[in-house]
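Numbers in this note's numbering are just positions in the sequence shown, counted from 1, shifted up by 4.
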Amino acid sequence: MASSSASTTDKRPWVEKYRPKSMDEVSHQEEVTAALRNAIESNNLPHLIFYGPPGTGKTSTILAAARSLFGDELRSRVMELNASDERGIAVVRNKIKSFAQVSVGTGGTSRGLPPYKLIILDEADSMTSDAQSALRRTMETYSKVTRFCIICNYVSRLIPPIASRCAKFRFKPLPHASMVERLSAIASAEGVAIDEPTLRELMRVSEGDMRRAIQLLQSLHRLHGDEIGPQAVLDLSAALPDEKIGETADRWLPPEHGETFAVCRANDFSKLGALSASLSALTGVLASSLLADGYPVDQIIAQMLEHIAASSDLGDRQKAQVATDIAAPATTCS
5 MASSSASTTD
15 KRPWVEKYRP
25 KSMDEVSHQE
35 EVTAALRNAI
45 ESNNLPHLIF
55 YGPPGTGKTS
65 TILAAARSLF
75 GDELRSRVME
85 LNASDERGIA
95 VVRNKIKSFA
105 QVSVGTGGTS
115 RGLPPYKLII
125 LDEADSMTSD
135 AQSALRRTME
145 TYSKVTRFCI
155 ICNYVSRLIP
165 PIASRCAKFR
175 FKPLPHASMV
185 ERLSAIASAE
195 GVAIDEPTLR
205 ELMRVSEGDM
215 RRAIQLLQSL
225 HRLHGDEIGP
235 QAVLDLSAAL
245 PDEKIGETAD
255 RWLPPEHGET
265 FAVCRANDFS
275 KLGALSASLS
285 ALTGVLASSL
295 LADGYPVDQI
305 IAQMLEHIAA
315 SSDLGDRQKA
325 QVATDIAAPA
335 TTCS
(Lines of atoms letter the chains of each structure in order from A and count residues from 1; the text may use other names and numbers.)
(Lines give C-alpha, C1' and ligand atoms only; values in the text may rest on other atoms or scores of the structure.)
Protein backbone atom coordinates (compact mmCIF):
# COMPACT_ATOMS: atom_id res chain seq x y z
CA MET A 1 0.00 0.00 0.00
CA ALA A 2 2.83 2.38 0.80
CA SER A 3 4.42 1.91 -2.60
CA SER A 4 1.07 2.48 -4.35
CA SER A 5 0.58 5.70 -2.39
CA ALA A 6 4.11 6.83 -3.22
CA SER A 7 3.57 6.08 -6.91
CA THR A 8 0.50 8.33 -7.06
CA THR A 9 2.43 11.30 -5.71
CA ASP A 10 5.34 10.85 -8.13
CA LYS A 11 4.15 12.41 -11.40
CA ARG A 12 7.28 11.74 -13.43
CA PRO A 13 6.99 9.77 -16.68
CA TRP A 14 7.58 6.10 -15.88
CA VAL A 15 10.49 6.03 -18.35
CA GLU A 16 12.35 8.46 -16.06
CA LYS A 17 10.95 7.12 -12.80
CA TYR A 18 12.20 3.58 -13.50
CA ARG A 19 15.36 4.46 -15.41
CA PRO A 20 18.31 2.37 -14.11
CA LYS A 21 20.24 4.29 -11.47
CA SER A 22 23.31 2.04 -11.56
CA MET A 23 24.92 -0.26 -14.09
CA ASP A 24 23.76 -3.25 -12.05
CA GLU A 25 20.19 -2.34 -13.02
CA VAL A 26 20.89 -2.20 -16.78
CA SER A 27 19.19 -5.12 -18.54
CA HIS A 28 20.94 -7.52 -20.91
CA GLN A 29 24.01 -5.46 -21.87
CA GLU A 30 26.61 -7.34 -19.82
CA GLU A 31 29.54 -6.83 -22.22
CA VAL A 32 29.05 -3.07 -22.27
CA THR A 33 28.65 -2.68 -18.51
CA ALA A 34 31.68 -4.90 -17.82
CA ALA A 35 33.87 -2.81 -20.14
CA LEU A 36 32.62 0.42 -18.55
CA ARG A 37 33.33 -0.86 -15.04
CA ASN A 38 36.91 -1.69 -16.04
CA ALA A 39 37.36 1.77 -17.57
CA ILE A 40 35.95 3.47 -14.46
CA GLU A 41 38.09 1.43 -12.07
CA SER A 42 41.23 2.20 -14.08
CA ASN A 43 40.20 5.85 -14.36
CA ASN A 44 40.78 5.62 -18.11
CA LEU A 45 37.48 6.20 -19.89
CA PRO A 46 37.87 6.57 -23.68
CA HIS A 47 35.57 8.42 -26.04
CA LEU A 48 32.57 6.14 -26.58
CA ILE A 49 30.06 5.33 -29.29
CA PHE A 50 26.89 3.53 -28.19
CA TYR A 51 24.81 2.32 -31.12
CA GLY A 52 21.86 0.03 -31.62
CA PRO A 53 18.05 0.03 -31.81
CA PRO A 54 16.05 2.57 -29.80
CA GLY A 55 14.98 1.69 -26.28
CA THR A 56 17.83 -0.73 -25.54
CA GLY A 57 19.43 1.26 -22.71
CA LYS A 58 22.10 3.36 -24.42
CA THR A 59 21.34 6.64 -22.63
CA SER A 60 20.48 4.91 -19.35
CA THR A 61 23.80 3.06 -19.36
CA ILE A 62 26.00 6.11 -19.83
CA LEU A 63 24.02 8.08 -17.23
CA ALA A 64 24.47 5.22 -14.76
CA ALA A 65 28.21 5.19 -15.54
CA ALA A 66 28.33 8.97 -15.06
CA ARG A 67 26.75 8.63 -11.61
CA SER A 68 29.41 6.09 -10.70
CA LEU A 69 32.15 8.38 -11.99
CA PHE A 70 31.07 11.75 -10.64
CA GLY A 71 28.68 11.08 -7.76
CA ASP A 72 27.27 14.33 -6.37
CA GLU A 73 29.17 16.35 -9.00
CA LEU A 74 27.11 14.83 -11.82
CA ARG A 75 25.35 18.06 -12.78
CA SER A 76 28.55 20.10 -13.04
CA ARG A 77 30.56 17.40 -14.83
CA VAL A 78 28.06 16.13 -17.42
CA MET A 79 26.44 17.87 -20.39
CA GLU A 80 23.65 15.99 -22.17
CA LEU A 81 22.44 17.16 -25.58
CA ASN A 82 19.99 15.72 -28.06
CA ALA A 83 21.63 16.22 -31.43
CA SER A 84 18.37 15.72 -33.32
CA ASP A 85 17.14 19.04 -31.88
CA GLU A 86 20.39 20.92 -32.49
CA ARG A 87 21.94 19.40 -35.58
CA GLY A 88 24.09 22.22 -36.96
CA ILE A 89 27.61 23.46 -36.52
CA ALA A 90 26.54 26.32 -34.22
CA VAL A 91 25.79 24.00 -31.31
CA VAL A 92 29.28 22.49 -31.59
CA ARG A 93 31.00 25.88 -31.73
CA ASN A 94 28.96 27.38 -28.91
CA LYS A 95 27.54 24.93 -26.37
CA ILE A 96 29.85 21.94 -26.81
CA LYS A 97 33.14 23.77 -27.22
CA SER A 98 32.40 26.14 -24.32
CA PHE A 99 31.77 23.22 -21.97
CA ALA A 100 34.59 21.03 -23.33
CA GLN A 101 37.40 23.56 -22.89
CA VAL A 102 36.90 24.12 -19.14
CA SER A 103 39.42 22.27 -16.95
CA VAL A 104 38.27 20.53 -13.76
CA GLY A 105 39.89 19.36 -10.53
CA THR A 106 40.07 15.88 -9.03
CA GLY A 107 38.87 16.55 -5.49
CA GLY A 108 35.51 16.03 -3.90
CA THR A 109 35.56 12.37 -2.84
CA SER A 110 37.84 10.06 -0.91
CA ARG A 111 39.02 8.37 -4.11
CA GLY A 112 39.04 11.62 -6.06
CA LEU A 113 37.14 12.49 -9.20
CA PRO A 114 38.50 11.84 -12.69
CA PRO A 115 40.24 14.86 -14.25
CA TYR A 116 37.70 15.19 -17.05
CA LYS A 117 34.08 16.00 -17.82
CA LEU A 118 31.61 14.03 -19.95
CA ILE A 119 29.52 15.20 -22.90
CA ILE A 120 26.67 12.91 -23.95
CA LEU A 121 25.41 13.46 -27.50
CA ASP A 122 22.16 11.59 -28.10
CA GLU A 123 20.94 10.84 -31.65
CA ALA A 124 24.25 12.07 -33.02
CA ASP A 125 23.68 10.30 -36.34
CA SER A 126 21.25 13.12 -37.21
CA MET A 127 24.01 15.76 -37.09
CA THR A 128 25.11 17.37 -40.34
CA SER A 129 28.50 16.46 -41.82
CA ASP A 130 29.86 19.93 -41.05
CA ALA A 131 28.74 19.64 -37.43
CA GLN A 132 30.36 16.21 -37.15
CA SER A 133 33.62 17.57 -38.58
CA ALA A 134 33.61 20.40 -36.05
CA LEU A 135 32.84 17.89 -33.30
CA ARG A 136 35.82 15.77 -34.35
CA ARG A 137 38.14 18.76 -33.99
CA THR A 138 36.70 19.56 -30.56
CA MET A 139 37.18 15.94 -29.45
CA GLU A 140 40.83 16.09 -30.54
CA THR A 141 41.59 19.44 -28.96
CA TYR A 142 40.03 18.87 -25.54
CA SER A 143 40.45 15.12 -25.04
CA LYS A 144 42.51 15.64 -21.87
CA VAL A 145 39.71 17.42 -20.03
CA THR A 146 36.57 16.09 -21.75
CA ARG A 147 35.30 12.67 -22.81
CA PHE A 148 32.49 12.20 -25.30
CA CYS A 149 29.80 9.53 -25.43
CA ILE A 150 28.13 9.57 -28.83
CA ILE A 151 24.79 7.77 -28.97
CA CYS A 152 23.16 6.78 -32.25
CA ASN A 153 20.99 4.18 -33.91
CA TYR A 154 23.24 3.81 -36.98
CA VAL A 155 27.00 4.02 -36.55
CA SER A 156 27.40 4.07 -40.34
CA ARG A 157 25.97 7.61 -40.36
CA LEU A 158 28.89 8.96 -38.35
CA ILE A 159 31.91 10.25 -40.26
CA PRO A 160 34.93 7.88 -40.13
CA PRO A 161 37.21 10.33 -38.23
CA ILE A 162 34.76 10.28 -35.30
CA ALA A 163 34.19 6.53 -35.41
CA SER A 164 37.94 5.84 -35.41
CA ARG A 165 38.50 7.93 -32.25
CA CYS A 166 35.95 6.08 -30.12
CA ALA A 167 35.46 2.70 -28.50
CA LYS A 168 32.31 1.31 -30.10
CA PHE A 169 29.67 -0.71 -28.23
CA ARG A 170 26.64 -2.27 -29.87
CA PHE A 171 23.47 -2.50 -27.81
CA LYS A 172 21.39 -5.57 -28.58
CA PRO A 173 17.59 -5.64 -28.72
CA LEU A 174 16.25 -6.75 -25.36
CA PRO A 175 14.96 -10.34 -25.19
CA HIS A 176 11.33 -10.84 -24.25
CA ALA A 177 12.22 -12.45 -20.93
CA SER A 178 14.13 -9.37 -19.75
CA MET A 179 11.37 -7.03 -20.88
CA VAL A 180 8.63 -9.12 -19.28
CA GLU A 181 10.50 -9.16 -15.98
CA ARG A 182 11.01 -5.39 -16.00
CA LEU A 183 7.49 -4.52 -17.14
CA SER A 184 5.94 -6.88 -14.60
CA ALA A 185 7.94 -5.19 -11.84
CA ILE A 186 6.81 -1.73 -12.99
CA ALA A 187 3.18 -2.83 -13.27
CA SER A 188 3.33 -4.32 -9.78
CA ALA A 189 4.87 -1.15 -8.32
CA GLU A 190 2.14 0.97 -9.94
CA GLY A 191 -0.70 -1.36 -8.96
CA VAL A 192 -1.56 -2.27 -12.56
CA ALA A 193 -3.10 -5.69 -13.23
CA ILE A 194 -1.61 -7.09 -16.45
CA ASP A 195 -1.99 -10.72 -17.56
CA GLU A 196 0.22 -12.89 -19.76
CA PRO A 197 -1.66 -12.31 -23.07
CA THR A 198 -1.50 -8.55 -22.55
CA LEU A 199 2.21 -8.70 -21.80
CA ARG A 200 2.78 -10.75 -24.96
CA GLU A 201 0.90 -8.17 -27.03
CA LEU A 202 2.91 -5.37 -25.42
CA MET A 203 6.13 -7.22 -26.31
CA ARG A 204 5.02 -7.73 -29.89
CA VAL A 205 4.14 -4.11 -30.62
CA SER A 206 7.18 -2.63 -28.84
CA GLU A 207 9.65 -4.83 -30.81
CA GLY A 208 12.39 -4.92 -28.18
CA ASP A 209 12.10 -1.19 -27.43
CA MET A 210 11.86 -0.98 -23.63
CA ARG A 211 11.22 2.76 -23.67
CA ARG A 212 8.24 2.36 -25.99
CA ALA A 213 6.88 -0.53 -23.92
CA ILE A 214 7.03 1.51 -20.70
CA GLN A 215 5.45 4.55 -22.38
CA LEU A 216 2.64 2.37 -23.74
CA LEU A 217 2.09 0.81 -20.32
CA GLN A 218 1.77 4.21 -18.65
CA SER A 219 -0.57 5.51 -21.37
CA LEU A 220 -2.72 2.39 -21.07
CA HIS A 221 -2.88 2.85 -17.31
CA ARG A 222 -4.06 6.45 -17.73
CA LEU A 223 -6.75 5.46 -20.25
CA HIS A 224 -7.98 2.18 -18.80
CA GLY A 225 -7.10 2.27 -15.12
CA ASP A 226 -5.61 -0.70 -13.31
CA GLU A 227 -6.90 -3.44 -15.64
CA ILE A 228 -5.49 -3.61 -19.17
CA GLY A 229 -6.26 -6.13 -21.92
CA PRO A 230 -4.63 -7.11 -25.25
CA GLN A 231 -7.18 -5.20 -27.34
CA ALA A 232 -6.36 -1.98 -25.49
CA VAL A 233 -2.69 -2.45 -26.44
CA LEU A 234 -3.60 -2.88 -30.11
CA ASP A 235 -5.90 0.14 -30.11
CA LEU A 236 -3.36 2.48 -28.53
CA SER A 237 -0.31 1.32 -30.51
CA ALA A 238 -2.11 1.34 -33.90
CA ALA A 239 -0.77 -2.18 -34.49
CA LEU A 240 -2.83 -4.46 -36.71
CA PRO A 241 -4.35 -7.66 -35.31
CA ASP A 242 -2.70 -10.81 -36.63
CA GLU A 243 -5.79 -11.85 -38.58
CA LYS A 244 -5.92 -8.55 -40.50
CA ILE A 245 -2.26 -8.56 -41.45
CA GLY A 246 -2.37 -12.27 -42.29
CA GLU A 247 -5.31 -11.75 -44.63
CA THR A 248 -3.24 -9.30 -46.66
CA ALA A 249 0.24 -10.83 -46.50
CA ASP A 250 -0.94 -14.40 -47.12
CA ARG A 251 -2.02 -13.39 -50.61
CA TRP A 252 1.65 -13.87 -51.46
CA LEU A 253 1.84 -17.38 -50.08
CA PRO A 254 0.29 -20.75 -51.03
CA PRO A 255 -2.47 -21.82 -51.35
CA GLU A 256 -3.77 -18.32 -52.26
CA HIS A 257 -1.21 -17.93 -55.06
CA GLY A 258 0.17 -21.31 -55.93
CA GLU A 259 1.54 -20.00 -59.24
CA THR A 260 3.67 -17.38 -57.51
CA PHE A 261 4.84 -19.96 -55.02
CA ALA A 262 5.86 -22.38 -57.78
CA VAL A 263 7.79 -19.67 -59.61
CA CYS A 264 9.56 -18.73 -56.39
CA ARG A 265 10.49 -22.32 -55.70
CA ALA A 266 11.95 -22.60 -59.21
CA ASN A 267 13.96 -19.40 -58.71
CA ASP A 268 12.55 -18.17 -62.05
CA PHE A 269 12.50 -14.48 -61.22
CA SER A 270 11.89 -13.45 -64.84
CA LYS A 271 8.37 -14.90 -64.58
CA LEU A 272 7.91 -13.62 -61.06
CA GLY A 273 8.19 -10.02 -62.24
CA ALA A 274 4.88 -10.13 -64.14
CA LEU A 275 3.11 -11.95 -61.33
CA SER A 276 4.46 -9.68 -58.63
CA ALA A 277 3.25 -6.59 -60.51
CA SER A 278 -0.35 -7.74 -60.26
CA LEU A 279 0.13 -8.82 -56.67
CA SER A 280 1.68 -5.46 -55.79
CA ALA A 281 -1.46 -3.79 -57.14
CA LEU A 282 -3.63 -6.18 -55.12
CA THR A 283 -1.58 -5.56 -51.99
CA GLY A 284 -1.92 -1.81 -52.55
CA VAL A 285 -5.72 -2.13 -52.70
CA LEU A 286 -5.81 -4.24 -49.53
CA ALA A 287 -3.41 -1.92 -47.71
CA SER A 288 -5.51 1.06 -48.76
CA SER A 289 -8.53 -0.51 -47.09
CA LEU A 290 -6.46 -0.85 -43.91
CA LEU A 291 -5.51 2.81 -44.23
CA ALA A 292 -9.20 3.65 -44.41
CA ASP A 293 -9.55 1.91 -41.04
CA GLY A 294 -7.01 4.35 -39.61
CA TYR A 295 -3.84 2.22 -39.59
CA PRO A 296 -0.61 4.08 -40.56
CA VAL A 297 1.03 2.95 -43.79
CA ASP A 298 4.46 2.31 -42.24
CA GLN A 299 2.82 0.04 -39.64
CA ILE A 300 0.97 -1.91 -42.33
CA ILE A 301 4.07 -2.47 -44.46
CA ALA A 302 6.28 -3.32 -41.45
CA GLN A 303 3.87 -5.96 -40.15
CA MET A 304 3.35 -7.45 -43.60
CA LEU A 305 7.12 -7.80 -44.01
CA GLU A 306 7.38 -9.43 -40.57
CA HIS A 307 4.66 -11.89 -41.55
CA ILE A 308 6.48 -12.85 -44.76
CA ALA A 309 9.85 -13.12 -42.98
CA ALA A 310 8.38 -15.57 -40.47
CA SER A 311 6.91 -17.80 -43.19
CA SER A 312 8.38 -21.28 -43.61
CA ASP A 313 7.04 -21.60 -47.17
CA LEU A 314 9.69 -19.43 -48.87
CA GLY A 315 13.48 -19.38 -48.86
CA ASP A 316 15.59 -16.30 -48.20
CA ARG A 317 15.87 -15.26 -51.86
CA GLN A 318 12.15 -15.66 -52.40
CA LYS A 319 11.37 -13.69 -49.25
CA ALA A 320 13.65 -10.88 -50.43
CA GLN A 321 11.82 -10.70 -53.78
CA VAL A 322 8.37 -10.81 -52.23
CA ALA A 323 9.36 -8.24 -49.58
CA THR A 324 10.50 -5.85 -52.31
CA ASP A 325 7.16 -6.18 -54.09
CA ILE A 326 5.14 -5.82 -50.90
CA ALA A 327 6.95 -2.59 -50.05
CA ALA A 328 6.29 -1.11 -53.51
CA PRO A 329 2.73 0.10 -52.76
CA ALA A 330 3.96 2.06 -49.73
CA THR A 331 4.62 5.20 -51.79
CA THR A 332 1.18 4.93 -53.41
CA CYS A 333 -0.59 4.45 -50.09
CA SER A 334 1.22 7.32 -48.42
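Where a beta carbon is used, it is the ideal one built from N, C-alpha and C, also for glycine. Remember, it's a predicted structure, so these values are computed and weren't measured experimentally.
Query	Result
Coil, strand or helix - E127 by DSSP	coil
Exposure label - S212; buried when at least 16 CB within 10 Å	It should be pointed out that residue 212 corresponds to Gly in this sequence rather than to Ser. So G212 counts as buried.
Endpoints, the alpha helix (DSSP H) within which M207 is located	E200 to S210
Alpha-carbon to alpha-carbon, G59 and E310	20 Å
Distance, A217 Cα to M207 Cα	7 Å
Contacting residues, own chain, Cβ-Cβ under 6 Å from Q222 (five flanking each side not counted)	W18
Helix, strand or coil at V326 [DSSP, three-state]	helix
DSSP-derived helix/strand/coil call for K172	strand
DSSP bridge partner residues for I53 (one or two, in chain order)	I154 and K172
Reference R140, options H180, V108, L178 and I93, closest by Cα	I93
Distance CB(L122)-CB(R79) smaller than 9 Å	no
With 16 other Cβ atoms within 10 Å as the buried cut-off, status of T145	exposed
Own chain, CB closer than 8 Å to R151, minus 5 neighbours either side, in chain order	L49, P50, H51, L52, Y120, K121, L122 and I123
For I232, the residue or residues it bridges with in DSSP	I198
Nearest candidate by alpha-carbon position, reference Y39, set G61, K25, D14 and A69	A quick correction: the sequence has Ala, not Tyr, at residue 39. Out of G61, K25, D14 and A69, A69 has the C-alpha closest to the C-alpha of A39.
Nearest residue (CA-CA) to M83, options I154, P57 and G229	I154
Spatial distance of E200 from L178 (CA atoms)	18 Å
Secondary structure of V82, DSSP reduced to three states	strand
6 Å Cβ shell around A197 - same chain, five flanking residues per side excluded	D230 and E231
K99 (DSSP reduced to helix, strand or coil)	helix
Backbone CA spacing between M308 and S315 [nearest angstrom]	11 Å
Per DSSP, cross-strand counterpart(s) of K148	BP columns for K148 are empty, so no partner.
Where Y22 falls, given that 16 or more other Cβ within 10 Å makes a residue buried	buried
Identified DSSP bridge partners for L122	V82 and R151
For F74 and Q105, the rounded distance between their alpha carbons	18 Å
Beta-carbon spacing of L85, L125 below 9 Å	yes
Member of F175, E20 and M131 whose CA lies at the smallest distance from the CA of G61	F175
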